[in-house]
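Engineer: Those protein sequence lines, which keep their order, are chains A and B. For what it's worth, numbering that gives the first Met the number 0 labels the leading residue of the first sequence as 0, then goes sequentially. For what it's worth, numbering that gives the first Met the number 0 labels the leading residue of the second sequence as 0, then goes sequentially. All C-beta atoms in this analysis are idealised placements derived from N, C-alpha and C, irrespective of residue type, glycine included. Since the model is a prediction, treat every value here as computed from it, not as a measurement.
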Amino acid sequence: MTHSDGSQSFEMSSTPGTEVLAKHGKLSYLSHLQCSGCGREYSFQEIHTFCPDCQSPLLSIYDLEHVRQELNREEISRRRKGMWRWHELLPVQDPNNIVFLGEGDTALLQVPNAGKALGLTNLYVKDESTNPTGSFKARGLAAAVSKAKELGVKKVIIPTAGNAGGAMAAYAARAKIQALIYMPKDTPHANVEESLMAGAEIVLVDGLISDAAGMAGEKARAEGWFDLSTFKEPYRMEGKKIMGYELAESFGWSLPDVIIYPTGGGTGLVGMWKAFAELEELGWLENTKRPRMVAVQADGCAPVIKAFEAGAAFCDFWIDAHTVASGLRVPKSFADALILKDLRDSNGTAVAVSDQSIMEAQKELGRLEGIFSAPEGAATYAALKELIRRGWVQPDEHIVLFNTGSGLKYLNPNR
Amino acid sequence: MGNKILYIEDNPDNMMLVQRALEARGYHLLKATKGLDGVATAEAEDVDLILLDINLPDIDGYEVARRLRSSEKRALTTVPIIAVTANALKGDAEKALNAGCDVYMSKPINIRELWARVEAFVPTP
Numbered sequence: 000m001t002h003s004d005g006s007q008s009f010e011m012s013s014t015p016g017t018e019v020l021a022k023h024g025k026l027s028y029l030s031h032l033q034c035s036g037c038g039r040e041y042s043f044q045e046i047h048t049f050c051p052d053c054q055s056p057l058l059s060i061y062d063l064e065h066v067r068q069e070l071n072r073e074e075i076s077r078r079r080k081g082m083w084r085w086h087e088l089l090p091v092q093d094p095n096n097i098v099f100l101g102e103g104d105t106a107l108l109q110v111p112n113a114g115k116a117l118g119l120t121n122l123y124v125k126d127e128s129t130n131p132t133g134s135f136k137a138r139g140l141a142a143a144v145s146k147a148k149e150l151g152v153k154k155v156i157i158p159t160a161g162n163a164g165g166a167m168a169a170y171a172a173r174a175k176i177q178a179l180i181y182m183p184k185d186t187p188h189a190n191v192e193e194s195l196m197a198g199a200e201i202v203l204v205d206g207l208i209s210d211a212a213g214m215a216g217e218k219a220r221a222e223g224w225f226d227l228s229t230f231k232e233p234y235r236m237e238g239k240k241i242m243g244y245e246l247a248e249s250f251g252w253s254l255p256d257v258i259i260y261p262t263g264g265g266t267g268l269v270g271m272w273k274a275f276a277e278l279e280e281l282g283w284l285e286n287t288k289r290p291r292m293v294a295v296q297a298d299g300c301a302p303v304i305k306a307f308e309a310g311a312a313f314c315d316f317w318i319d320a321h322t323v324a325s326g327l328r329v330p331k332s333f334a335d336a337l338i339l340k341d342l343r344d345s346n347g348t349a350v351a352v353s354d355q356s357i358m359e360a361q362k363e364l365g366r367l368e369g370i371f372s373a374p375e376g377a378a379t380y381a382a383l384k385e386l387i388r389r390g391w392v393q394p395d396e397h398i399v400l401f402n403t404g405s406g407l408k409y410l411n412p413n414r
Numbered sequence: 000m001g002n003k004i005l006y007i008e009d010n011p012d013n014m015m016l017v018q019r020a021l022e023a024r025g026y027h028l029l030k031a032t033k034g035l036d037g038v039a040t041a042e043a044e045d046v047d048l049i050l051l052d053i054n055l056p057d058i059d060g061y062e063v064a065r066r067l068r069s070s071e072k073r074a075l076t077t078v079p080i081i082a083v084t085a086n087a088l089k090g091d092a093e094k095a096l097n098a099g100c101d102v103y104m105s106k107p108i109n110i111r112e113l114w115a116r117v118e119a120f121v122p123t124p
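1) Using the DSSP secondary-structure output, state which residues sit across from M271 (chain A) in a beta bridge.
2) Need the endpoints of the beta strand (DSSP E) that K3 (chain B) sits in, please.
3) Near Y123 (chain A), which residues of its chain fall below 8 Å by C-beta distance, leaving aside the five closest residues on each side in sequence?
4) For I176 (chain A) versus K218 (chain A), is the C-beta spacing smaller than 8 Å?
5) L195 (chain A) by DSSP, collapsed to three states: which one?
6) Starting from the beta carbon of I318 (chain A), find every residue of chain B whose beta carbon is closer than 7 Å, and list them in chain order.
7) With a cut-off of 8 Å on the beta carbons, I'd call L268 (chain A) and I338 (chain A) a contact; round off their distance for me.
8) Nearest to G103 (chain A) by CA position, among A:M358, A:R138, A:A113, A:T120, is which residue?
9) Tell me H321 (chain A)'s beta-bridge partners as DSSP assigns them.
10) Taking only beta-carbon positions, decide if E22 (chain B) is within less than 8 Å of chain A.
11) In angstroms with no decimal places, state the Cα-to-Cα distance between A312 (chain A) and D101 (chain B).
12) Only counting runs of 4 or more residues, tell me where the alpha helix (DSSP H) segments fall wholly within the segment 334 to 383 of chain A, in order along the chain.
13) Would you tell me roughly how many angstroms separate the C-alpha atoms of P158 (chain A) and G34 (chain B), rounded to the nearest one?
14) Is K362 (chain A) buried or exposed, if buried means 16 or more other CB atoms sit within 10 Å of its CB?
15) Examine the Cβ distances between the segment 300 to 317 of chain A and the segment 370 to 381 of chain A and report whether three or more of them are shorter than 8 Å.
16) Check whether the Cβ atoms of A351 (chain A) and L342 (chain A) lie closer than 8 Å to each other.
17) Any idea which residues DSSP pairs T84 (chain B) with across the strands?
18) Classify V152 (chain A) as helix, strand or coil using the three-state DSSP reduction.
19) Between A:L410, A:N411, A:G404, which lies nearest to A166 (chain A) when the distance is taken from Cα to Cα?
20) Using a Cβ-Cβ cutoff of less than 6 Å, which residues in the same chain neighbour C37 (chain A) once the five nearest sequence positions on both sides are dropped?
21) Take the Cβ of L379 (chain A) as the centre, count every other Cβ of all protein chains shown within 10 Å, and call the residue buried at 16 or more, exposed below.
22) Does any residue of chain A have a CB that is nearer than 8 Å to the CB of Y103 (chain B)?
23) Please report the residue range of the beta strand (DSSP E) in which I49 (chain B) lies.
24) Report the neighbours of K331 (chain A) on chain D: residues whose CB is nearer than 8 Å to its CB, in chain order.
25) Kindly indicate which residue of A:A336, A:G326, A:M292, A:R289 has the alpha-carbon position closest to the one of L310 (chain A).
26) Please tell me whether V83 (chain B) and L55 (chain B) are closer than 8 Å, where the distance is taken between their beta carbons.
27) Can you give me the C-alpha to C-alpha distance between T123 (chain B) and A115 (chain B), rounded to a whole angstrom?
28) Can you tell me which of A:K288, A:R78, A:E74 puts its alpha carbon nearest to the alpha carbon of D344 (chain A)?
29) Would you grab the beta carbon distance between E368 (chain A) and N130 (chain A) for me? Rounded to a whole angstrom, and I think it's under 8 Å.
30) For A178 (chain A), does the three-state DSSP call read helix, strand or coil?
31) DSSP state of Y26 (chain B), grouped into three classes?
32) Would the segment 1 to 11 of chain B count as touching the segment 380 to 396 of chain A if we require 3 or more Cβ pairs under 8 Å?
33) Kindly indicate which residue of B:V46, B:E93, B:G90, B:D91 has the alpha-carbon position closest to the one of L75 (chain B).
34) Cα-Cα, which of A:H47, A:L278, A:P290, A:Q92 is closest to Y244 (chain A)?
35) Give the range of the beta strand (DSSP E) segment to which F401 (chain A) is assigned.
36) What residues of chain A sit near A85 (chain B), judged by a beta carbon separation below 8 Å?
Printed below as a string of structure tokens:
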């Protein structure tokens, strides 16, 4: 609350990290929003989607100089676990607006059996399946719904390949915000059920996520729903970027050599690359070495791979997208330019894998490590094999695979 | 090569956004808000590229593309056509390419991508 003398104080909250507010008196150091295309700046105190001038995604810019002066990394490490212990670097201003369901601080598992099978000594899986609603989507939607609540939004809409819809439904339910979800009619059953269970309204679309996006966008414009589509609002990326902060902390404030990431919309990949830049500016890293980022897609929907290999700055819309990994069935990301730029800036690469190799990888991760991964997560293991075949990774490099969700969400109840 | 671009689009906001973006790069924009008007303008003028919305109030963008490609005016059988649509319904991209469009873009139109797509066919004046 704001006092008569202009100073601010906050109620204590059960949300991790916010107990220390009395010391700093400031929950977030968000400074402004900035267009990733033309650089135009916007206030974070108003509702924004993407840049109206050039129609590129907006980025959240923080006053990192003051964060550096007033906070140290050890303090964050001492806080109770959860994504919001990094609240200075997240966009919410008032702790009462934080919608927390337990997201963040997922396990970074060393996977020695899989590593041995592949001839690698330092292989890890960042296992996002323990997030609320069983996938990494919880992080982005926690941030986006919390900020939407803070900005007074009453109803949110999203097109989804599945997991983002389930996550939005859960956070919107807790925030008492109305939720409407457009998803392909062949979306995994669990995503439909979890969304309905959380009280969301669902429209099943005869098409892909791009079709759902077109319909949701039209509905949003016509009826004033706030659109939480990937990169069409600025804050989902902020939740996802915390994966990058957690990795740095887990590796003793340095970064792994290679990160292999399944790339549909690309929020996590772009978000982590942003986190690494922020970490460097904060002076929290032990060295300046950055990971090589690898985008993984299915060969039935590989717009990023095609554009990366062609040296293009944007992706072509992928015709006839199909893959068992529903989260990778994104014919063209709204942030394709950012994804491609970050891959190149990191000296990374892009790899397409077949559905068959994804299914084999899923079994292998289960058999060797007891991880029942989402097919998107398994795709990273399949891609790693291809990178080994190409000689692109070295046996002693620190390599992180991202398992973005639980395989349990993809069970077919009719089988 | 000239710098004349025809944009067939019934949404005034999109029209204004694209006009601003392309004129800033030195292109000359011709405008049509209906499919039939667009075809007529393309027949009457020498255009170097056509931006084509799919959802138009009279004939749709697919039909516009088909009519342009079967025109007796030879230049229209090869003029680059970039399809732009908000309702990316299932198969729309395929339909646009099958109707004779060269490239498919979905809205919202990222201006940097638009510049890149246009410049691939018509160099900046």
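Structural biologist: Once the coordinates are examined:
1) The partner list for M271 (chain A) (beta bridge, DSSP) is empty, contrary to what the question assumes.
2) 3 to 7 is the extent of the beta strand (DSSP E) around K3 (chain B).
3) Residues L107, L108, Q109, V110, P255, H397, I398, V399, L400 of the same chain have their beta carbon placed closer than 8 Å to that of Y123 (chain A), with the five preceding and five following residues left out of the count.
4) no
5) helix
6) The answer, in chain order, is A92, E93.
7) 6 Å
8) For G103 (chain A), the closest of A:M358, A:R138, A:A113, A:T120 by C-alpha to C-alpha distance is A:R138.
9) DSSP output for H321 (chain A) lists no bridge partner at all.
10) no
11) 18 Å
12) 335 to 344, 354 to 368
13) 30 Å
14) exposed
15) no
16) The Cβ atoms of A351 (chain A) and L342 (chain A) lie no closer than 8 Å to each other.
17) B:S105
18) coil
19) Comparing Cα-Cα distances from A166 (chain A) to each of A:L410, A:N411, A:G404, the minimum goes to A:G404.
20) D52, C53
21) Just to set this straight, residue 379 (chain A) is Thr in the shown sequence, not Leu. With 16 or more other Cβ atoms within 10 Å, it is buried.
22) yes
23) 48 to 52
24) Considering every chain present, this structure includes no chain D. Its protein chains are A and B.
25) The sequence given here has Gly at residue 310 (chain A), not Leu. Closest by alpha carbon: A:A336.
26) no
27) 10 Å
28) A:K288
29) Not quite, the Cβ-Cβ distance comes to about 19 Å (not below 8 Å), so this is no contact.
30) strand
31) Y26 (chain B) falls in the coil class under three-state DSSP.
32) No, they do not touch.
33) B:V46
34) A:L278
35) Segment 398 to 402, the beta strand (DSSP E) holding F401 (chain A).
36) G213, G216, E217
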